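The working numbering applies: residue 32 is where the sequence shown begins, and numbers increase by one.
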Amino acid sequence: MTKFDYEAINSAGITVTGHINSASSQAAFDELSEKGLIPLDLRSAYASQVPKSSVQIKFRNNYKSDLRLAIRMLAMLLNAGLTLEKAMESLIQQLEKKPIKAPLESILESLREGISFADALVKYPKIFPKTLVSLVKAGEFNGQLAQVLGEHAQHLDKLDKLQSRLQSALIYPVFLVVTICVTLTIILGYVVPQFQPLFDKLDNGLPLSTRIVIEGSDWMIGHFFEITSATIISIFAFIAISKRPAGRLAIDSLALKTFFGLIQKAESARFCRTLGSLLVGGTDMATALPICADTLKNQVMKNAVVSITEQVLGGENFSKALQSQNIFPVLISQLSHVGEQSGELGPILLRLAEILDQEVETTLDRLVTLMVPSLTLVMGGGVAFIIAAILSGIMSVNELAL
């Protein structure tokens, strides 16, 4: 039996913490659910070396995946003519043992008590984001809950598709970088020293390329501890700096100016899609903008949206406030102005999100197309240079022997 620390929400909607002994994390999760608790964080009490945040992310990712499925299914059930309560009952039955089933059961009880769907969702902010709550509130008000949920499910699918595309495209370049580092480390740290006794016979008679490789190998071996320590310290320093507001702002500002504007376009697409969905769903601009700011990951763009919100609350037009920040692509402010005049700002923002998504994919393809051959050339060139240098040294030794 393993002791687990947990953080969960009880039937009253209060966050509680405690310990539980169970055979596995899944068994502990099931036991907590049977007790009427909704687990938010669960980890071994003895696994202090595992950051709590990483475990929370795992749980949130589980809920996030199930949330998309639940929203899509609920929209279909409502479109089929079921009442919200009946649709929730059917949804819970179909979700079987998925983690999100427990909070949905609690929400169903709240609905039976006369609490609105939006107010029931508010009890679980770690599971149901503000965007969804705001859309549900607007959908309940205008009687278009099924349509709002269906559109939001599509919105989540597109966000997930874009994020997966970004991650998948960067896997191979990262793999190549790691391969280059490992390959060069093995060659310089192990292979080259094997020829050292042979090359010592020539001293200064070795070719320049061979001397460069040998000196590089000697330097790496002699400073291996310093290199390793510096690398580890740099990684931890970067993490520490990124957690500080000023450091995070500097890193995010630099990120916007690199990678061919990829991050700027991706964040702009997220902003347009979220704001467009909220406006189409019936949420007013003053309420929608702060929610959009929370969805952005880049601190510079998040601060820009906060400033835009303040200007809009002060009576400024959205398009002018957007243009004043000089962070988002000019196309967004231009078409937003058209949308404000025509009364179709929400649909136009959603169309802009589609355009920006396409630009992100195009930029990503170009970036990968450029990076992969370049990294392959660097790795192949480096290895070829070292091999050629070793062969040149061996040939020089053979000439001396003759």
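Every residue gets a Cβ at the ideal spot worked out from N, C-alpha and C, and that includes glycine. Since the structure is predicted, the reported quantities are computational estimates derived from the model, not experimental observations.
Buried/exposed call for residue i, threshold 16 Cβ in 10 Å
i, result
"TYR203", "exposed"
"ASP315", "exposed"
"ASP396", "exposed"
"LYS34", "exposed"
"HIS50", "exposed"
"VAL428", "buried"
"LYS274", "exposed"
"GLU191", "Sequence inspection shows Asp at residue 191; the Glu mentioned does not correspond to that position. Its Cβ having fewer than 16 others within 10 Å, ASP191 is exposed."
"SER405", "exposed"
"ASP283", "buried"
"ALA271", "exposed"
"PHE90", "With a pLDDT of 45 at PHE90, under the threshold of 50, the modelled position of this residue cannot be trusted, and the question is left open."
"PHE148", "buried"
"ASP36", "buried"
Nearest candidate by alpha-carbon position, reference residue i, set the options
i, options, result
"GLU392", "PHE290, LEU376 and LEU309", "PHE290"
"ILE418", "ILE217, LEU166, LEU327 and ALA111", "ILE217"
"VAL331", "SER364, GLN295 and PRO130", "GLN295"
"VAL47", "LEU68, PHE35, SER64 and GLY370", "LEU68"
"PHE206", "GLU62, VAL403 and SER427", "VAL403"
"TYR155", "LEU353, THR400, ALA39 and HIS368", "ALA39"
"LEU98", "GLN124, GLY313, LEU113 and PRO130", "PRO130"
"GLY370", "ILE123, LEU383 and ASN52", "LEU383"
"PHE172", "LYS192, GLY312 and LEU193", "GLY312"
"VAL223", "ILE243, ALA177 and ALA151", "ILE243"
"GLN225", "ILE245, LEU237, GLY236 and PHE302", "ILE245"
"ALA184", "LEU166, LEU197, SER195 and SER199", "LEU166"
"GLN198", "GLN175, ALA297 and ILE264", "ALA297"
"LEU180", "LEU327, LEU287, LEU163 and PRO360", "LEU163"
Rounded distance between the beta-carbons of residue j and residue i, thought under 8 Å
i, j, result
"GLU116", "ARG74", "Wrong, their Cβ atoms sit about 35 Å apart, outside the cutoff."
"SER121", "LEU108", "6 Å"
"PHE230", "LEU219", "In fact, because the Cβ distance is near 14 Å, the residues do not count as touching under 8 Å."
"LEU293", "LEU398", "7 Å"
"LEU193", "ASP388", "6 Å"
"GLN365", "ALA352", "About 14 Å; that fails the 8 Å criterion."
Own chain partners of residue i with C-beta closer than 7 Å, once the 5 adjacent residues on each side are dropped
i, result
"SER338", "GLN356"
"HIS186", "ARG304 and SER308"
"GLU136", "ILE123"
"ASP325", "LYS161"
"ALA151", "ILE138, SER141 and LEU142"
Cutoff 8 Å; reference residue i; Cβ partners in own chain excluding five residues on either side
i, result
"SER240", "PHE416, ALA419, ALA420 and SER423"
"LEU310", "MET316, ALA319, LEU376, GLY377 and LEU380"
"ILE258", "MET251"
"PRO360", "GLN295, LYS296, SER299 and LEU387"
Close-in-space but distant-in-sequence residues of the same chain around residue i (CB under 6 Å, 5 per side omitted)
i, result
"ASN334", "none"
Report yes or no: do the stretch 406 to 421 and the stretch 211 to 229 share at least 3 C-beta pairs separated by less than 8 Å?
yes
The stretch 248 to 258 touching the stretch 270 to 278, judged by at least three CB pairs closer than 8 Å
no
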